[in-house]
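Structure first, then comments.
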Amino acid sequence: MTALPFCTCLPGATLWLDGVGEATVGELTRRLLDGHRRRVEVLTPTTAAVPGETPKAAAERIGLVAEILARHGILALVVAPAGQPADREHVRARHLRAGTTFLETPAAGPDAPAPSADALLALLTEHALVRTD
Numbered sequence: 001m002t003a004l005p006f007c008t009c010l011p012g013a014t015l016w017l018d019g020v021g022e023a024t025v026g027e028l029t030r031r032l033l034d035g036h037r038r039r040v041e042v043l044t045p046t047t048a049a050v051p052g053e054t055p056k057a058a059a060e061r062i063g064l065v066a067e068i069l070a071r072h073g074i075l076a077l078v079v080a081p082a083g084q085p086a087d088r089e090h091v092r093a094r095h096l097r098a099g100t101t102f103l104e105t106p107a108a109g110p111d112a113p114a115p116s117a118d119a120l121l122a123l124l125t126e127h128a129l130v131r132t133d
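The sequence shown begins at 1 in our numbering and counts up by one.
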């Protein structure tokens, strides 16, 4: 029997990244794939963009995709534009109804810098979404 290339023993989750930079997302993704062998999918506002779609509708669409991925054991990293917390209320509620983990970063801004890849990895570890052994 051959070993699976990715860990399938941990639950999936959605990590909503509010204003986190592309370099940080890339570093986190690389570390999750290589170091922790987790299945990861990065979703952005332009993921299958729909012309004329409102920000709320886009958040709900991307949130639905993330929730479905999370139910199948994948870590869905949603790269969201900073400062639209109301647009994700429906997403958070949908995850709650489905029993799927929904985590989010605090909004980045002048007084609150975006979290580093280390901080995001620590958040995932705290919620038992990555293996530490």
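Think of the CB as a built atom: it goes at the ideal place given N, C-alpha and C, for glycine as much as any other residue. Every value quoted in this text rests on a predicted model; they were computed, and no experiment measured them.
Inset, instruction - If I'm right that Pro-11 touches Gly-73 with Cβ under 8 Å, what's the distance once you round it to whole angstroms? - result: 6 Å
Legend entry - Which residues DSSP lists as bridging Ala-76, in chain order: Thr-14 and Glu-41
Legend entry - Which listed residue (Thr-105, Thr-132 and Val-40) has its alpha carbon closest to that of Ala-119: Thr-105
Legend entry - Rounded distance between the beta-carbons of Lys-56 and Asp-18, thought under 8 Å: Your pair Asp-18 and Lys-56 does not check out as a contact, with CB atoms roughly 15 Å apart and the cut at 8 Å.
Inset, instruction - Answer yes if the region 114 to 131 comes into contact with the region 23 to 35, meaning at least three C-beta pairs across the two stretches below 8 Å, and no otherwise. - result: The region 23 to 35 vs the region 114 to 131: in contact.
Legend entry - Identity of the residue in Leu-77, Ala-70 and Val-78 nearest Leu-96 by Cα: Closest option to Leu-96, Cα to Cα, is Ala-70.
Legend entry - Segments of 3+ residues assigned as beta strand (DSSP E) that fall wholly inside the region 93 to 127: 101 to 104
Inset, instruction - For my contact list, Thr-14 and Thr-100 are in at a C-beta cut-off of 8 Å; report their separation, rounded to the angstrom. - result: 7 Å
Legend entry - Inter-residue Cα distance where the pair is Arg-37 and Ala-128: 14 Å
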